[in-house]
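These notes concern the structure reproduced below.
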Amino acid sequence: QLFEWCDAHGLAFTGHYLNENDLGTATIRGGAIMPHYRFQHVPGIDMLTEQNHEVLTIKQCSSVASQLGHKRVLSELYGCSSWEFTFEGQKWVGDWQYVLGVNLRCQHLALYSLRGCRKRDYPPAFNYNTTWWPYNGIVEDYFARVGRVLTEGEAVRDVLMLHPIATVWAMMGEGEDEIRKANLYGERLNAFLEALLATHYDCDLGDEQIMAEECRIQGRELWVGRRAYRVVVIPEETTTLLRSTVTLLESFLDNGGRVIVVGTPPAQVEAVASSDIEAVWRHRNTVHIPDRSQLQAALETCVPRRVSIRTTRGQEAASVLYMQRTAGGRNAYFVFNGDRTNGYDLEMTLQGTGRLEEWDPLTGEIRELCGDDSLTGNVRFGTHLGPAGSRIFVVDPAGALQPGPRRVSPVHHRTLRAALNTQFIGPSCAFTRTDPNILTLDMCQYRLDQSEWSEPMEVWRAQDAMRRTLGMRSNFYNGLPQRYKWAVQPHPSDGTPAALRFSFTVQVVPAQTPNLLVESADLFEISLNGQPVSNQSDGWYLDRSMHLVPLPQFLQGTNVLELRCRYTNHMELEDIFITGDFGVSVDRQIIAEPTELHFGDWTTQGYLHYAGSMVYHGSYRHEASDSRRVRLYLGEYQAVHVTVTVNDVLVGHIPWISANGLDITDALRPGDNSVDITVVSSPRNMLGPLHLAAGREPWTDWRSFRRTDETYTPDYVVKSWGLMGQVHLRRE
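Printed below as a string of structure tokens:
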């Protein structure tokens with residue numbers, strides 16, 4: 021009904037289905053996930069956290085889209101990945117989803133405001149209110165280019181893996197234990213699918229209900245909607261098939277199609293033991309293998325290989341995935357390395373003949389490559405994929421291949437030669453902050469009316485104690501009930517006088533008077549060391565709800581800030597911040613700023629809670645007579661993003677490690693050149709979580725900021741930022 025209504029009103033119906041990632045739970049919620057995607061204009065999924073595990077979730081959706089002609093596949097992604105989520109994290113997660121069939125990102129989430137609990141609502145936020153936002157276009161342009169390529173033409177896949185939803189139905193019974201068993205089966209099925217894709221035979225999934233309506237046999241091919249397949253794989257642990265599937269497989273086999281059965285073949289038809297299915301397993305075109313370890317050999321027996329991606333040891337590179345598309349006679353290949361730690365020298369063999377090009381989605385550049393086409397119908401060449409690296413290759417029959425080697429020289433050999441012609445930046449540099457420094461004040465004392473001051477505690481605990489005393493509902497957790505239904509309601513205790521007192525230590529009094537950064541400043545009476553302070557805002561920082569209030573000069577030693585208000589049910593008391601030109605020591609005292617940054621973690625050098633970027637000022641002496649190209653290679657670093665400027669000209673971006681090795685030659689002039697490297701961080705060390713003993717967990721939500729168990733620590737656990745290793749400037 022929603023699909024038809026949207027269709028009639030010129031709208032595209034999209035979204036994701038609840039619990040699509042757990043096979044058992046999804047079956048309870050919706051019977052079978054894949055048939056629902058038929059009735060979405062833009063089929064969609066939800067993929068939380070910084071992970072690349074749920075292959076099955078993506079392929080369930082992208083297979084239906086491919087088979088039924090839906091051009092776009094949407095993913096709501098990046099939720100719960102924390103405030104320290106980087107551009108490389110976006111690329112790693114996004115590329116992995118794109119190579120499996122997604123081509124439209126819907127970032128979770130773009131908050132209008134970070135006021136109150138919103139800053140803990142499954143961060144990060146994708147809007148103006150994060151410090152890396154000015155560079156967001158780099159990632160957007162990258163995925164726009166990749167997405168454009170992956171929506172053109174048609175995907176090429178010879179393999180159909182039968183989705184064993186009927187087996188799941190047969191497993192289901194009453195009680196949570198049965199659901200858990202089905203979910204565990206889904207995990208094993210996911211691992212099987214990963215193993216299949218690692219052979220470099222891309223595949224779609226076949227839902228038996230969709231196949232019953234959309235399947236036909238033409239020659240040796242089994243068609244599901246618009247897609248033709250030459251081999252069907254029955255995954256291990258499949259126990260039953262629908263009768264319509266048995267009939268299709270018999271016809272497919274009789275026409276010369278191939279079926280690969282992994283493990284014990286199913287013995288049931290619609291969950292009832294039947295001899296009718298035995299003819300399928302005895303057929304001469306059915307291949308039996310005991311387990312997934314023999315899957316690659318079986319596939320190579322059944323269908324010619326279109327793509328080979330081999331390491332220097334001659335093995336298919338299991339961590340590398342690909343998608344092949346054909347459009348306008350050209351073959352396009354998106355190739356992605358899912359390994360974030362290691363890069364690989366690879367020998368590529370791709371279907372097609374003609375001009376070979378690499379399209380760089382980061383810069384938009386296209387360059388011609390050399391290769392070997394002595395293998396009929398294919399082009400072979402060498403390439404390197406860095407950690408989490410990806411490339412787009414296009415084979416165009418309208419042009420001719422430039423002959424060249426089919427193997428790339430190993431990267432470590434290139435590095436050894438280049439290191440002899442290298443200048444360095446580091447291990448210390450002059451630097452410039454882009455933002456004011458920050459001291460987060462998350463510990464306070466509180467009192468209601470004229471009561472005694474409490475012991476020091478975190479602001480959220482103080483507010484919770486106040487609300488319990490006043491008979492108000494706790495608001496430190498986000499919760500499932502929509503907050504607007506209760507948080508804005510008047511309460512009998514509204515208007516009770518309340519106060520928070522914050523203490524901090526100043527070793528070196530800043531030359532410039534600092535600011536208080538506080539949400540909704542006009543709700544408070546403010547004093548510093550007993551001196552009244554105007555609550556009128558003089559601008560904002562990070563979020564428009566976070567107001568900058570000028571403060572008088574600090575005292576050397578202990579300083580006390582007090583905020584007084586008439587507390588109401590709808591108020592959300594949050595941490596406050598001191599901002600300005602000063603340093604912050606690791607024991608959270610205000611100190612003098614350093615004159616240089618040493619390479620390493622800047623949080624230990626005066627910037628414990630800093631949320632902005634650092635510009636490292638280096639130099640390079642260039643010889644005009646040297647015709648070699650000069651490339652900049654970062655050493656180890658911790659950043660959301662990195663930009664490089666030479667002689668005040670932006671020469672490029674290094675948003676992820678696989679883009680390391682930036683060519684800066686065209687911006688150089690004879691003699692000394694300024695080389696500025698901007699390391700972009702995030703609000704993580706400002707907003708937290710600050711007391712999570714592990715520092716970061718796979719899932720980040722409000723609970724990560726509100727710990728009371730053994731995962732809480734009174735210490736401040738922050739994320740490291742900065743250039744950790746020296747920068748190499750190499751003549752190559």
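Heads up, the sequence shown is in the numbering used here, so the first residue is 21 and it goes up one at a time. Note that the Cβ used here is the ideal one computed from N, Cα and C, for glycine as well. Bear in mind that the values here come from a model prediction, so they are computed numbers and not experimental data.
DSSP places R564 within a strand segment (E or B) once states are collapsed to three.
Scanning its chain for C-beta atoms nearer than 7 Å, with the 5 sequence neighbours on each side dropped, one finds around Q625 the residues P614, L617 and H618, in chain order. Per DSSP, the beta-bridge partners of E174 are T346. Proximity of the stretch 118-130 to the stretch 576-586 falls short of the contact definition, fewer than three beta-carbon pairs being nearer than 8 Å. When DSSP states are grouped into helix, strand and coil, T267 belongs to the helix group.
Selection R487, T460 and F602 evaluated against Y466 yields R487 as nearest (Cα-Cα). Taking the Cα of V93 as reference, the smallest distance to any Cα among A32, Q470, A202 and L743 is reached at A32. DSSP places C81 in no beta strand (DSSP E) but in the uninterrupted alpha helix (DSSP H) bounded by V75 to L88. As computed with DSSP, P423 is found in a beta bridge with G391.
Each residue's CA atom was taken as its position, placing L536 and L389 some 57 Å apart.
According to the DSSP assignment, W189 belongs to the alpha helix (DSSP H) that extends over I185 to M191. With a minimum length of 3 residues, the unbroken runs of beta strand (DSSP E) contained wholly in the stretch 541-604 fall at 545-548, 551-553, 563-570, 577-587 and 596-600. Here I53 carries a coil assignment [DSSP, helix/strand/coil]. In the three-state reduction of the DSSP assignment, G515 falls in the coil class.
Going by DSSP, G157 is part of the alpha helix (DSSP H) stretching over N156 to V169.
Your pair I412 and W379 checks out as a contact, with CB atoms roughly 4 Å apart and the cut at 8 Å.
Secondary-structure assignment with DSSP links S633 through a beta bridge to V700. Judged by DSSP in its simplified three-state form, Q21 adopts coil rather than helix or strand.
Linking D455 to D668 through their CA atoms gives a straight-line distance of about 19 Å.
Minimum Cα-Cα distance from I697 among the listed residues Y118, F544 and I445 corresponds to I445. In the structure shown, E234 adopts helical secondary structure according to DSSP, grouped into three states. DSSP, read as helix, strand or coil, puts V93 in coil. Our two residues, P63 and D469, have alpha carbons roughly 56 Å apart in a direct line. Between A518 and C585, the C-beta spacing is below 7 Å.
For I386, DSSP records a beta bridge to W379. Rounded to whole angstroms, the gap between the alpha carbons of I674 and P425 is 29 Å. Here D683 is exposed: its Cβ has fewer than 16 other Cβ atoms, across all protein chains shown, within 10 Å. The C-alpha of D197 lies about 40 Å from the C-alpha of L134. Less than 7 Å divides the Cβ of I596 from the Cβ of V538. Between the stretch 708-725 and the stretch 633-652, the count of C-beta pairs closer than 8 Å stays below three; the two stretches do not touch. In chain order, S86, Q87, L88, G89 and E174 place their CB closer than 8 Å to the CB of R246, counting only its own chain and leaving out the 5 sequence neighbours on each side. By the beta-carbon neighbour count (other beta carbons within 10 angstroms, threshold 16), L38 is exposed. In the structure shown, L129 falls within a coil segment according to DSSP collapsed to helix, strand and coil. The beta-carbon distance between A337 and L366, rounded to whole angstroms, is 6 Å. This is short enough to meet the 8 Å contact definition. Residue D227 holds the alpha-carbon nearest to the alpha-carbon of T265 among Q551, A347, E207 and D227.
Here T34 has Q60, H61, V62, G64 and L94 as same chain residues with Cβ atoms under 7 Å from its own Cβ, once five neighbours each way along the sequence are excluded.
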